[in-house]
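Single-structure report; data block below.
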Ligand code: F6R
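See the structure below:
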């Protein structure tokens, strides 16, 4: 059957899923809500719960559009019900309105199986038609619902849930992390995993399966990251895993998470974004210490040394970190590298071969665009170096060399501390390539950031008050400054919804200046080398002549340049410049969002981890 244009609302989702099963008689629903809330960064336009009601022994499903807290309060989930086993889901849709009927969990015809799913079932239309012919009644438009009916169907033939799941793994095509609740086994939760992330935590009285670590950490620090093709079940105190019909001894794969619960709470800040901006000095220092002692850095250098071409890829902020790497590689190691946006990989991967290296940068390690680019390069024999913040996530797992940032969990949707820690790891790589290099200088990065934030946050607050009613902002720079401008503009637009556009300052006269009229704000990022100072000064004058409000954030070299608002940082080299400049742009974006009345932690239409193309 020719695949119809995928129109289901479910086809474009990113979600967080979690399941809990407890040995005791305590009601797990408050804990389930808490664990789900830790996944809210993955999506927050609808939420749902399914659990086996302790009184009736039947599955109850409560779901609706809205954020988790809203849905929980609307239905009095914690007050009205009690359960020892349950699953939950927080959803994000990019296509069509979120709705109650499309929210998870989804159930089979008999209401004895409920499932939550993160991912896409590619062959759902075909499966849905076949199951409908057999008499299954579908209630939603979603691809996910077929999984519940498929399991119901396979159970009829088979009468054992593990057997049904084993068969389903061979039938379902696409990406999926699924948790299954069944009245047949009220002390178990079944799971299946292909492509989409899924991890397990086991404690004596309660076990958990979830999309990500922040959720698990409520229960235990010992975490099992499931591999593609694995399925099985959790019971209190136990996990059972199979692959292709063979039991897997996963006990050796449990690892200890060092993140603490307080790491993932707001620590008194009104928003995660602000907390994460402010904790950059610590994140940078830990990343510095980590990378300094990481043998993987030497392996990465060896790969790059032998490479014909070095390609660099990532999406959004991670791509911008890649651009900074490109700058440093050429300037300090004399190596030109080719940096491209991950979703554009097909333009480049055809020419790649076994002599080439791809550096794949991804905070989450799960971004599907970056993962797809990585797989395409690998298929052609290229070696891959991953730079990620999440140990053993998909991108590092599939890479030859894994370099990690040690930023800790980033909950705010906008990447902040992970950008600068990525830049630090990438600079360390360049430094290592140049022999002696500048690795010691990187030991100052955290101090530079701390100083910049302490010295200029009041100034940034004042600036935000001048700018927050504007509808457009240009962010301009040259060289490294242009690359930081891209990241600054992305931050401003994604959290404050002000249209912020970045481009190299020299491009002004080739078009963009046409938009400038009195009062139009233009932020200039001034970075070394000194030869750029006069050019930036001329660009500022051109903008001023058209009535623009000019703002200069520059290194020492720019102290004599005039602008309407000016921040001169106490750094004068391009290695440390990002650590002084970027936190201020992040803080400006944050303040603009708050002054405009938006929640910077949950920008509209965005999710933290983008697991669909
Ligand atoms: C911007 C932002 C996104 C991510 C992008 C890639 O603030 O957070 O642009 O940078 O979605 O995500 P990772 O780095 O997880 O691959």
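Numbering (this note's numbering), first residue to last: 1 to 613. Every residue gets a Cβ at the ideal spot worked out from N, C-alpha and C, and that includes glycine.
Alpha-carbon spacing of residue 533 relative to residue 379, whole angstroms
Working through the chain shown from its first residue, we reach residue 533 at position 533. Working through the chain shown from its first residue, we reach residue 379 at position 379. Approximately 45 Å between the Cα atoms of the pair.
Straight-line CA distance for residue 605 to residue 492?
Against the chain shown, residue 605 aligns to sequence position 605. Against the chain shown, residue 492 aligns to sequence position 492. Roughly 15 Å separates the two Cα atoms.
Would the stretch 357-368 count as touching the stretch 445-465 if we require 3 or more Cβ pairs under 8 Å?
Too few Cβ pairs lie closer than 8 Å, so no.
Give me whichever residues DSSP pairs with residue 413 in a beta bridge.
For the purposes of this step, residue 413 is taken as the residue at position 413 of the chain shown. According to DSSP, residue 413 bridges with nothing at all.
Spatially closest choice to residue 404 from 413, 389, 415, by CA coordinates
What you label residue 404 is simply residue 404 of the chain shown in a count that begins at 1. The shortest C-alpha separation from residue 404 is found at 389.
Go to residue 170, then tell me how far its alpha helix (DSSP H) extends in each direction, as first and last residue.
Here residue 170 refers to the residue found at position 170 of the chain shown. First-last of the alpha helix (DSSP H) with residue 170: 161-171.
Give the single residue among 342, 321, 397, 411 whose Cα lies nearest to the Cα of residue 480.
Within the chain shown, numbered from 1, the residue matching residue 480 stands at position 480. Closest option to residue 480, Cα to Cα, is 321.
Could you spell out the range, first to last residue, of the beta strand (DSSP E) harbouring residue 52?
Numbered from 1 along the chain shown, position 52 holds the residue referred to as residue 52. That run of the beta strand (DSSP E) goes 46-53.
Between the beta-carbon of residue 205 and the beta-carbon of residue 22, is there less than 8 Å?
Within the chain shown, numbered from 1, the residue matching residue 205 stands at position 205. Within the chain shown, numbered from 1, the residue matching residue 22 stands at position 22. Going by C-beta atoms, residue 205 is nearer than 8 Å to residue 22.
Exposed or buried, which one is residue 100 when buried takes at least 16 other CB atoms within 10 Å?
Sequence index remark: in the chain shown, residue 100 carries index 100 (1-based). With fewer than 16 Cβ atoms within 10 Å of its Cβ, residue 100 is classed as exposed.
C-alpha distance - residue 422 paired with residue 160, whole-angstrom precision
Numbered from its first residue, the chain shown carries residue 422 at position 422. Numbered from its first residue, the chain shown carries residue 160 at position 160. Residue 422 and residue 160 have their C-alpha atoms spaced approximately 47 Å apart.
Taking 8 Å as the CB-CB limit, is residue 526 close to chain C?
Included in the structure is just one protein chain, with no chain C present.
Considering only the alpha carbon of each residue, which of 39, 37, 108 lies closest to residue 61?
Within the chain shown, residue 61 is the residue found at index 61, counting from 1. When only C-alpha atoms are compared, the closest one is 108.
From residue 583 to residue 468, what distance separates their C-alpha atoms?
Within the chain shown, the letter at position 583 stands for residue 583. Within the chain shown, the letter at position 468 stands for residue 468. So the alpha carbons of these two residues sit roughly 18 Å apart.
Flag this pair as touching only if the stretch 559-566 and the stretch 587-599 have three or more C-beta atom pairs under 8 Å; answer yes or no.
At 8 Å Cβ cutoff, the stretches do not touch.
Are there 16 or more other CB atoms within 10 angstroms of the CB of residue 302, so buried, or fewer, so exposed?
As a position in the chain shown, residue 302 is number 302, starting the count at 1. Taking a 10 Å sphere around the C-beta of residue 302, we find fewer than 16 other C-beta atoms and assign the residue as exposed.
What separation, rounded to the nearest whole angstrom, lies between the Cα atoms of residue 270 and residue 495?
In the chain shown, residue 270 corresponds to position 270, counting from 1. In the chain shown, residue 495 corresponds to position 495, counting from 1. One C-alpha to the other measures close to 15 Å.
Under 8 Å between C-beta atoms of residue 449 and residue 327:
As a first step, residue 449 must be located in the chain shown, where it is residue number 449. As a first step, residue 327 must be located in the chain shown, where it is residue number 327. 8 Å or more divides the Cβ of residue 449 from the Cβ of residue 327.
Do you know offhand how far residue 115's Cα is from residue 146's?
For the purposes of this step, residue 115 is identified with residue 115 of the chain shown, where counting begins at 1. For the purposes of this step, residue 146 is identified with residue 146 of the chain shown, where counting begins at 1. One C-alpha to the other measures close to 10 Å.
Assuming residue 50 and residue 76 form a contact by the criterion Cβ under 8 Å, report the distance between their Cβ atoms to the nearest whole angstrom.
To locate residue 50, count along the chain shown from 1; it is residue 50. To locate residue 76, count along the chain shown from 1; it is residue 76. The C-beta distance from residue 50 to residue 76 rounds to 16 Å, too long to meet the 8 Å contact threshold.
Give me the Cα-Cα distance between residue 57 and residue 186, rounded to the nearest whole angstrom.
Indexing the chain shown from 1 puts residue 57 at position 57. Indexing the chain shown from 1 puts residue 186 at position 186. Rounded to the nearest angstrom, the two C-alpha atoms are 8 Å apart.
Would the beta-carbon of residue 419 fall within 8 Å of that of residue 487?
Within the chain shown, residue 419 is the residue found at index 419, counting from 1. Within the chain shown, residue 487 is the residue found at index 487, counting from 1. Pairing residue 419 with residue 487 gives a Cβ-Cβ distance under 8 Å.
Quick check on residue 508: does DSSP put it in helix, strand or coil?
The sequence position of residue 508 within the chain shown is 508, counting from 1. If DSSP states are grouped into helix, strand and coil, residue 508 belongs with the helices.
Three-state secondary structure (DSSP) of residue 539
Start at 1 with the first residue of the chain shown, and residue 539 comes out as number 539. Residue 539 sits in a helix when the DSSP states are folded into three classes.
Residue 48 vs residue 88 beta-carbon contact at 8 Å:
Stepping through the chain shown from its first residue, residue 48 is reached at position 48. Stepping through the chain shown from its first residue, residue 88 is reached at position 88. In this structure, the beta-carbon distance from residue 48 to residue 88 falls below 8 Å.
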